[in-house]
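If you read the sequence shown in our numbering, its first letter stands for residue 44, the second for the next number, and so on.
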Amino acid sequence: MSNEVMCISSYVCSGFVGNRCGMIILDHFQIQGIFVLTTHFSNHTQYKHLGGSCMLEADIKSIFEATSANSLDKDMKYIITGYFPSSALVDITIEKVKEYKQKGIFFLCDPILGDDGRLYTKPEVKESMKKLVLYADLITPNATELECLSDQKVNSVNDALQACSVLHNKGVKTIIVTSINDGDDIILLCSFYKQTDVNKNFKVKIHRLKGFFTGVGDTFTYTLFAWIKQGVPIPNAVNRTISTLQTIIKNTTGTDEINLIHSTQFLKSTDELFTLEYLN
44 MSNEVMCISS YVCSGFVGNR CGMIILDHFQ IQGIFVLTTH FSNHTQYKHL GGSCMLEADI
104 KSIFEATSAN SLDKDMKYII TGYFPSSALV DITIEKVKEY KQKGIFFLCD PILGDDGRLY
164 TKPEVKESMK KLVLYADLIT PNATELECLS DQKVNSVNDA LQACSVLHNK GVKTIIVTSI
224 NDGDDIILLC SFYKQTDVNK NFKVKIHRLK GFFTGVGDTF TYTLFAWIKQ GVPIPNAVNR
284 TISTLQTIIK NTTGTDEINL IHSTQFLKST DELFTLEYLN
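See the structure below:
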């Protein structure tokens, strides 16, 4: 079986974020991939202590070169990117994405920058990320990240649509805004550059479950990708993914780490539990 996707993101020895999360989900869907690590940390950064290191530009460049030289990417059709600790790693990834895009590869970018109004990456990463998303077929920012990418304030669905329009005009095809605050709920918004009978702009109201769980965004991105790869239309893929996430979060107790290992039985569920509200 050949490598179908390259995943460029962080890695932790313990927990389920970044590529650690992606490996489990894609394995479960029997999708073989090349996993390029941007970090090798002991755990996610919310812990009191953090060990490990960030990858250097030379490390990533060497991996890219060897991957191509050994033809490990000859059958690759998709790229997913996530967390980058430095702008240098984003910049070298841009060059690789540009190369792959000439071969018609589908690029899903999760532009990890921050959440709840604050950044947890360096300011220069934001500037490089603005360039990277321009090559994406699909991006999955939260409201804070959408603000950073568009330089527009996002406090409502209408704000988000205007911010999406800014990015669409720069070439971004599809934008899924994963979390717009709405009181006790969050709103997910999907905006298409070109709407069709199947792909129409829509929003989903999701009741906010109590607690804070790391790995939710990564689980969303990789699960969504797995369904899209199977040919499931984006509206259905989104519904399945958020339905699965709600089930996994409810199955997570006593920890802020999403309980992914003991929830893999839910990953392939085709349940679509939410009502999509299509927008004019």
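All residues carry an ideal CB built from backbone N, CA and C; glycine is no exception.
Legend entry - Outcome for Cys56 when other beta-carbon atoms lying within 10 angstroms are tallied against a minimum of 16: To locate residue 56, count along the sequence shown from 1; it is residue 13. Exposed: under 16 other Cβ atoms inside 10 Å.
Inset, instruction - Using three-state DSSP, classify His83 as helix, strand or coil. - result: Within the sequence shown, residue 83 is the residue found at index 40, counting from 1. Note: His83 maps to strand in three-state DSSP.
Legend entry - Inter-residue Cα distance where the pair is Ile68 and Lys272: Taking the first residue of the sequence shown as position 1, residue 68 is located at position 25. Taking the first residue of the sequence shown as position 1, residue 272 is located at position 229. Straight-line Cα distance between these residues: approximately 13 Å.
Legend entry - Cα-Cα separation, Ser193 to Asp202: Within the sequence shown, residue 193 is the residue found at index 150, counting from 1. Within the sequence shown, residue 202 is the residue found at index 159, counting from 1. For Ser193 and Asp202, the distance between alpha carbons rounds to 11 Å.
Legend entry - Contiguous alpha helix (DSSP H) assignments of at least 4 residues, all confined to the stretch 79 to 134: 100 to 112
Inset, instruction - Rank Lys91, Lys246, Gly95 by C-alpha distance to the C-alpha of Asn282 and give the top, closest one. - result: Numbered from its first residue, the sequence shown carries residue 282 at position 239. Minimum Cα distance to Asn282 is reached at Lys246.
Legend entry - Status (buried if at least 16 other CB within 10 Å, exposed otherwise) for Ile304: The residue given as residue 304 occupies position 261 in the sequence shown. Exposed, because fewer than 16 other Cβ atoms sit within 10 Å of the Cβ of Ile304.
Inset, instruction - Look at the alpha carbon of Phe107 and the alpha carbon of Ala269, and state the distance between them as a whole number of angstroms. - result: On the sequence shown, residue 107 is found 64 positions in, with the first residue counted as 1. On the sequence shown, residue 269 is found 226 positions in, with the first residue counted as 1. The straight-line gap from Cα to Cα measures roughly 23 Å.
Legend entry - CA-to-CA distance, Gln308 to Cys233, given in whole angstroms: Along the sequence shown, read from residue 1 onward, the residue named residue 233 stands at position 190. Along the sequence shown, read from residue 1 onward, the residue named residue 308 stands at position 265. About 27 Å.
Inset, instruction - Excluding the 5 residues preceding and the 5 following Arg251 in the sequence, name in chain order all residues of the same chain whose CB lies nearer than 8 Å to its CB. - result: Mapped onto the sequence shown, residue 251 falls at position 208. Result list for Arg251: Asp227, Asp228, Ile229, in chain order.
Inset, instruction - Excluding the 5 residues preceding and the 5 following Gly160 in the sequence, name in chain order all residues of the same chain whose CB lies nearer than 8 Å to its CB. - result: In the sequence shown, residue 160 corresponds to position 117, counting from 1. These residues qualify, in order along the chain: Thr187.
Legend entry - One or two residues paired with Gly157 in a DSSP bridge: As a position in the sequence shown, residue 157 is number 114, starting the count at 1. In the DSSP output, where bridge partners are listed per residue, Gly157 has Leu162.
Inset, instruction - Answer yes or no: do His92 and Val60 have a C-beta to C-beta separation smaller than 8 Å? - result: Reading the sequence shown from its first residue, position 49 is the one you call residue 92. Reading the sequence shown from its first residue, position 17 is the one you call residue 60. Not closer than 8 Å, so no.
Inset, instruction - Could you tell me whether the Cβ atoms of Ser85 and Gly95 are closer together than 8 Å? - result: Here residue 85 is taken as the residue at index 42 of the sequence shown, counted from 1. Here residue 95 is taken as the residue at index 52 of the sequence shown, counted from 1. A contact, by the Cβ cut-off of 8 Å.
Legend entry - Alpha-carbon to alpha-carbon, Tyr126 and Ile51: Along the sequence shown, read from residue 1 onward, the residue named residue 51 stands at position 8. Along the sequence shown, read from residue 1 onward, the residue named residue 126 stands at position 83. Spanning the two alpha carbons is a distance of roughly 8 Å.
Inset, instruction - Can you tell me which of the three DSSP states Gly214 falls into? - result: Locating residue 214 in the sequence shown gives position 171, where the first residue counts as 1. DSSP places Gly214 in coil when its eight states are reduced to three.
Legend entry - Buried or exposed (CB count within 10 angstroms, at least 16 for buried), Thr239: Stepping through the sequence shown from its first residue, residue 239 is reached at position 196. Exposed: under 16 other Cβ atoms inside 10 Å.
Legend entry - Within 8 Å, strictly: CB atoms of Cys97 and Gly258: Working through the sequence shown from its first residue, we reach residue 97 at position 54. Working through the sequence shown from its first residue, we reach residue 258 at position 215. Result no, Cβ atoms of Cys97 and Gly258 do not sit closer than 8 Å.
Inset, instruction - Return the CA-CA distance between Lys293 and Tyr265, expressed in angstroms with no decimal places. - result: In the sequence shown, counting from the first residue as 1, residue 293 sits at position 250. In the sequence shown, counting from the first residue as 1, residue 265 sits at position 222. Approximately 19 Å between the Cα atoms of the pair.
Inset, instruction - Spatial neighbours of Ala109 within its chain, please: CB distance less than 6 Å, with the 5 preceding and 5 following residues excluded, ordered by chain position. - result: As a first step, residue 109 is located in the sequence shown; it is residue number 66 there, counting from the start. Excluding residues within five positions, none has a Cβ falling inside 6 Å.
Legend entry - Beta-carbon gap between Phe149 and Asp116 smaller than 8 Å: As a first step, residue 149 must be located in the sequence shown, where it is residue number 106. As a first step, residue 116 must be located in the sequence shown, where it is residue number 73. Contact: no.
Legend entry - Cβ-Cβ distance between Lys213 and Cys191 below 8 Å: Walking along the sequence shown from the start, residue 213 turns up at place 170. Walking along the sequence shown from the start, residue 191 turns up at place 148. Going by C-beta atoms, Lys213 is not nearer than 8 Å to Cys191.
Inset, instruction - Using a threshold of 8 Å, state whether the C-beta atoms of Tyr220 and Asn185 are closer than that. - result: The residue given as residue 220 occupies position 177 in the sequence shown. The residue given as residue 185 occupies position 142 in the sequence shown. In the sequence under discussion, the amino acid at residue 220 is Val, which differs from the Tyr named in the question. In contact: Val220 and Asn185 (Cβ atoms closer than 8 Å).
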